[in-house]
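Peer 1:
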Amino acid sequence: MPNILLIGNGAREHALAEAITRSEQKPQLFSFMKTNNPGIASLSEKIKLGSYADLDAITEFAAENKIEFAVIGPEDPLNNGVADALSKINIPSAGPTKSLARLETSKSFTRNLVKKYNIPGNPQFRVFTTINGVEAFLNELEGIVLKPDGLTGGKGVQVQGDHFETKKDALKLCEQILAGGSSLIVEEKFDGEEFSLQCLCDGKTVVATPLVQDHKRRFDGDKGPNTGGMGSYSLPDHSMPFLKPKDLEDGLEITRQVAAALLKETGSPYKGVMYGGFIATKNGAKLLEYNARFGDPEAMNILPLLKTDFVEVCRHIIAGKLDKLKIEFEHKATVCKYVVPKGYGLPADHPDAASSKTKIEVGDVGKARLYYSSVDQKEDGLYLSSSRAIGIVGIADDLAQARKIAEEGVNAVKGPVAYREDIGTEALIQKRIDHMKKIRKD
Ligand code: GLY
Numbered sequence: 005m006p007n008i009l010l011i012g013n014g015a016r017e018h019a020l021a022e023a024i025t026r027s028e029q030k031p032q033l034f035s036f037m038k039t040n041n042p043g044i045a046s047l048s049e050k051i052k053l054g055s056y057a058d059l060d061a062i063t064e065f066a067a068e069n070k071i072e073f074a075v076i077g078p079e080d081p082l083n084n085g086v087a088d089a090l091s092k093i094n095i096p097s098a099g100p101t102k103s104l105a106r107l108e109t110s111k112s113f114t115r116n117l118v119k120k121y122n123i124p125g126n127p128q129f130r131v132f133t134t135i136n137g138v139e140a141f142l143n144e145l146e147g148i149v150l151k152p153d154g155l156t157g158g159k160g161v162q163v164q165g166d167h168f169e170t171k172k173d174a175l176k177l178c179e180q181i182l183a184g185g186s187s188l189i190v191e192e193k194f195d196g197e198e199f200s201l202q203c204l205c206d207g208k209t210v211v212a213t214p215l216v217q218d219h220k221r222r223f224d225g226d227k228g229p230n231t232g233g234m235g236s237y238s239l240p241d242h243s244m245p246f247l248k249p250k251d252l253e254d255g256l257e258i259t260r261q262v263a264a265a266l267l268k269e270t271g272s273p274y275k276g277v278m279y280g281g282f283i284a285t286k287n288g289a290k291l292l293e294y295n296a297r298f299g300d301p302e303a304m305n306i307l308p309l310l311k312t313d314f315v316e317v318c319r320h321i322i323a324g325k326l327d328k329l330k331i332e333f334e335h336k337a338t339v340c341k342y343v344v345p346k347g348y349g350l351p352a353d354h355p356d357a358a359s360s361k362t363k364i365e366v367g368d369v370g371k372a373r374l375y376y377s378s379v380d381q382k383e384d385g386l387y388l389s390s391s392r393a394i395g396i397v398g399i400a401d402d403l404a405q406a407r408k409i410a411e412e413g414v415n416a417v418k419g420p421v422a423y424r425e426d427i428g429t430e431a432l433i434q435k436r437i438d439h440m441k442k443i444r445k446d
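Residues 5 to 446 in our numbering are what the sequence shown spells out, letter by letter.
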């Protein structure tokens, strides 16, 4: 019976905990969490609460529980060097070292890597540490994207047309980003539709998992502020209806080349998940960014579909032998909807902002799967925090049924909560198809 360490406390990690404990190897799960996730706790042999920056606490917990390997869910512990610290006590991780996690933690590192190794997919871009030259470069671009160079919880990217309008506005935002002490990446904006390609990587071999589309905006119709992700869907053919087969091939080829470039650049194999945020454009798939972990919510779409033993998947990643394992996913549709506090993503003075820290009741979610995220389990019940609360996932033979199951599950959560009704609807997907037809002039 292997002992496995899971680090993380969100719904993505609840889905990881489920995938680990489903293994035929009958593993015992040991979970290190920032806050107590009741779903992960219920699947764990033992839990420990602590900070992801407390490397001593994490390594002590791992050593005393004779851990075979660790699975690192979120970006913060990767950025803090948890994989490096565990490796020093001979515990390997399915999750990259701090240096390799720069794939996510430093957007300039990844853009420069892609450029240096002549890998396709980059936009026109420049990295700035002072305001000198920023205005001239802004004037060269038709559409603009601004990114601070660091972890921003998915909320730091500013896109022309969504977050600001004019070049003058852009320049002001650039000044603000630089004043915050971070470098600034200014990029060309692509027109197209986004998709998440989460790949498993052992340093040499890259294996694609089913494609997912996330919905970052807070409200129906892709309106409102960006969030960590309000929900996502995937389809039985593991593709997206607005993509051409070449878009997936492009994304996978870019990821293969980036994995090889990481090995050449650092001398170390990348072991973990390379989650590429891609955008299909009229000129093929382009790279928006990489994350060094599974997506949240996207992990909830694909992990329940995994037919191959996840413990074996992790062992093959760690051993550099992914090419020896057949990795299979069920051909089903999935719809994930995040239940969030009504005030999630809204300004602090908004009347709904008070919805956080309120008690909620979770009734019978029927056929849906439920993954806890930021909730606080107190003696008298379950409380919201200020972030996403519960991921509800419907899985079925087709998208309409999957969505119905997810909706029924969402409606079982009572309290001052909200969710996006439109995720997984035909109307929203048709909008994406029509958009791609228009820009490709099909
Ligand atoms: N789905 C967005 C993220 O995981 O970063």
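A virtual CB, placed ideally from N, CA and C, is assigned to each residue, including glycine.
1) Kindly examine the ligand GLY and report whether one of its heavy atoms sits closer than 7 Å to the Cβ of Pro81.
2) State yes or no: is the C-beta of Pro124 within less than 8 Å of the C-beta of Ile258?
3) Looking at Glu295 and the ligand GLY, is the gap between the Cβ and the nearest heavy atom below 7 Å?
4) Does the beta carbon of Glu302 fall short of 7 Å from some heavy atom of the ligand GLY?
5) First and last residue of the beta strand (DSSP E) that includes Met304?
6) With respect to 7 Å, is the separation between the Cβ of Gly349 and the closest non-hydrogen atom of the ligand GLY below this value?
7) Terminal residues of the continuous alpha helix (DSSP H) containing Ser46?
8) Under 8 Å between the Cβ atoms of Ala2 and Tyr376?
9) Around the Cβ of Pro351, are there at least 16 other Cβ atoms within 10 angstroms (buried) or fewer (exposed)?
10) Please classify Lys445 as buried or exposed, where buried requires at least 16 neighbouring CB atoms within 10 angstroms.
11) Asp218: beta carbon under 7 Å from a heavy atom of the ligand GLY?
12) Report yes or no: do the stretch 196 to 212 and the stretch 279 to 291 share at least 3 C-beta pairs separated by less than 8 Å?
13) Nearest to Thr213 by CA position, among Arg221, His219 and Leu204, is which residue?
14) Less than 7 Å separating the Cβ of Gly233 from some heavy atom of the ligand GLY?
15) Is the Cβ-Cβ distance between Leu59 and Ala89 less than 8 Å?
16) Would you please state the rounded distance, in angstroms, between the beta carbons of Lys346 and Val421? I believe it to be under 8 Å.
17) Is it the case that the CB of Gly160 approaches a heavy atom of the ligand GLY more closely than 7 Å?
18) With a threshold of 8 Å, are at least 3 pairs of Cβ atoms found where one atom belongs to the stretch 5 to 12 and the other to the stretch 72 to 83?
19) Given this structure, state the Cα-to-Cα distance separating Gln32 from His242, to the nearest angstrom.
20) Provide the residue(s) that pair with Ser360 in DSSP beta bridges, ordered along the chain.
21) State the DSSP-derived secondary structure class of Glu293, mapped to helix, strand or coil.
22) Tell whether a beta-carbon distance below 8 Å holds between Gly207 and Ala263.
23) Helix, strand or coil for Gln29? Go by DSSP, reduced to three states.
24) Would Met304 and Gly385 qualify as a contact pair, given that the criterion is a beta-carbon distance under 8 Å?
25) With DSSP collapsed to three states, give me the class of Ser238.
26) Starting from the Cα of Ala23, find the closest Cα among Thr39, Lys38 and Gly43 and give me that residue.
27) Taking Val379 as the reference, which of Ser360, Ala372, Asp368 and Val369 has the closest Cα?
28) Under the rule that 16 or more other beta-carbon atoms within 10 Å means buried, what is Gly299, buried or exposed?
29) Can you tell me whether DSSP reads Arg444 as helix, strand or coil?
30) Thinking Asp401 and Pro240 are a contact (beta carbons under 8 Å), I'd like their distance in whole angstroms, please.
31) Keeping to the same chain, check which residues put their C-beta closer than 7 Å to that of Lys341; ignore five residues upstream and five downstream.
32) Check whether the Cβ atoms of Ala406 and Val343 sit closer than 8 Å, and answer yes or no.
33) Just checking Gly299 against the ligand GLY - is the residue's beta carbon closer than 7 Å to any of the ligand's heavy atoms?
34) Runs of 3 residues minimum, wholly inside the stretch 74 to 155: which ones carry the beta strand (DSSP E) assignment?
35) Count the other CB atoms within 10 Å of the CB of Gly232; is the residue buried (16 or more) or exposed (fewer)?
36) What are the complete beta strand (DSSP E) segments, minimum 3 residues, inside the stretch 386 to 445?
Peer 2: Well, looking at it:
1) Looking up residue 81 in the sequence shown gives position 77. No, Cβ of Pro81 sits at least 7 Å from all heavy atoms of the ligand GLY.
2) Your numbering for residue 124 matches position 120 in the sequence shown. Your numbering for residue 258 matches position 254 in the sequence shown. Taking 8 Å as the Cβ cut-off, Pro124 and Ile258 qualify as a contacting pair.
3) For this step, residue 295 is matched to residue 291 along the sequence shown. In the sequence as presented, Glu is not what sits at residue 295; that position holds Asn. If you check the C-beta of Asn295 against the ligand GLY, you find a heavy atom less than 7 Å away.
4) Counting from one through the sequence shown, the residue named residue 302 turns up at place 298. Glu302: yes, Cβ under 7 Å from the ligand GLY.
5) In the sequence shown, residue 304 corresponds to position 300, counting from 1. Not the beta strand (DSSP E): Met304 falls in the alpha helix (DSSP H), residues Glu302 to Ile306.
6) By 1-based counting over the sequence shown, the position of residue 349 is 345. Distance from the C-beta of Gly349 to the nearest heavy atom of the ligand GLY is not below 7 Å.
7) Taking the first residue of the sequence shown as 1, we reach residue 46 at position 42. That run of the alpha helix (DSSP H) goes Pro42 to Leu47.
8) The chain is shown only over 5 to 446; residue 2 falls outside these bounds and no answer can be derived.
9) Translated into positions along the sequence shown, residue 351 becomes position 347. So Pro351 counts as exposed.
10) For this step, residue 445 is matched to residue 441 along the sequence shown. Exposed.
11) Start at 1 with the first residue of the sequence shown, and residue 218 comes out as number 214. Under cutoff, so the answer is yes.
12) Contact between the stretch 196 to 212 and the stretch 279 to 291 is present, because at least three Cβ pairs lie under 8 Å.
13) What you label residue 213 is simply residue 209 of the sequence shown in a count that begins at 1. Thr213 has its Cα closest to that of Leu204, out of Arg221, His219 and Leu204.
14) For the purposes of this step, residue 233 is identified with residue 229 of the sequence shown, where counting begins at 1. Yes, the beta carbon of Gly233 sits closer than 7 Å to at least one heavy atom of the ligand GLY.
15) Start at 1 with the first residue of the sequence shown, and residue 59 comes out as number 55. Start at 1 with the first residue of the sequence shown, and residue 89 comes out as number 85. Yes. Within cutoff.
16) Taking the sequence shown and counting its residues from 1, the one referred to as residue 346 is at position 342. Taking the sequence shown and counting its residues from 1, the one referred to as residue 421 is at position 417. Between the beta-carbon of Lys346 and that of Val421 there is about 6 Å, and that keeps the pair under the 8 Å contact cut.
17) Against the sequence shown, residue 160 aligns to sequence position 156. If you check the C-beta of Gly160 against the ligand GLY, you find no heavy atom less than 7 Å away.
18) Under the Cβ criterion (8 Å, minimum of three pairs), the stretch 5 to 12 counts as touching the stretch 72 to 83.
19) Within the sequence shown, the letter at position 28 stands for residue 32. Within the sequence shown, the letter at position 238 stands for residue 242. When rounded, the distance between both Cα atoms is 31 Å.
20) Counted from its first residue, the sequence shown places residue 360 at position 356. Beta-bridge pairing by DSSP links Ser360 to no other residue.
21) The count along the sequence shown starts at 1 and reaches residue 293 at position 289. Looking at Glu293 - three-state DSSP - the assignment turns out to be strand.
22) Within the sequence shown, numbered from 1, the residue matching residue 207 stands at position 203. Within the sequence shown, numbered from 1, the residue matching residue 263 stands at position 259. In contact: Gly207 and Ala263 (Cβ atoms closer than 8 Å).
23) Stepping through the sequence shown from its first residue, residue 29 is reached at position 25. For Gln29, the secondary structure class from DSSP, reduced to helix, strand or coil, is coil.
24) Within the sequence shown, residue 304 is the residue found at index 300, counting from 1. Within the sequence shown, residue 385 is the residue found at index 381, counting from 1. Not closer than 8 Å, so no.
25) Taking the sequence shown and counting its residues from 1, the one referred to as residue 238 is at position 234. In the three-state scheme derived from DSSP, where H, G and I count as helix and E and B as strand, Ser238 is classed as strand.
26) Residue 23 sits at position 19 when you count from the first residue of the sequence shown. Comparing Cα positions, the closest option is Gly43.
27) Position 375 of the sequence shown, counted from the first residue, corresponds to residue 379. That would be Ser360, whose Cα lies nearest to the Cα of Val379.
28) Here residue 299 refers to the residue found at position 295 when the sequence shown is read from its first residue. Classification of Gly299: buried, given that the 10 Å Cβ count is 16 or more.
29) Here residue 444 corresponds to residue number 440 of the sequence shown, with the count starting at 1. Helix at Arg444.
30) To locate residue 401, count along the sequence shown from 1; it is residue 397. To locate residue 240, count along the sequence shown from 1; it is residue 236. About 7 Å separates the two Cβ atoms, so the contact holds.
31) Here the question's residue 341 lines up with position 337 in the sequence shown. Gly235, Ile396, Ala410, Val414, Tyr423, Arg424 and Ile427.
32) Looking up residue 406 in the sequence shown gives position 402. Looking up residue 343 in the sequence shown gives position 339. Cβ distance not < 8 Å, so Ala406 and Val343 don't count as in contact.
33) Here residue 299 refers to the residue found at position 295 of the sequence shown. Flag set: Cβ of Gly299 near the ligand GLY.
34) Along the length of the stretch 74 to 155, whole beta strand (DSSP E) runs at least 3 residues long occupy 129 to 132 and 148 to 152, reported in chain order.
35) For the purposes of this step, residue 232 is identified with residue 228 of the sequence shown, where counting begins at 1. That one is buried.
36) You should have 394 to 400.
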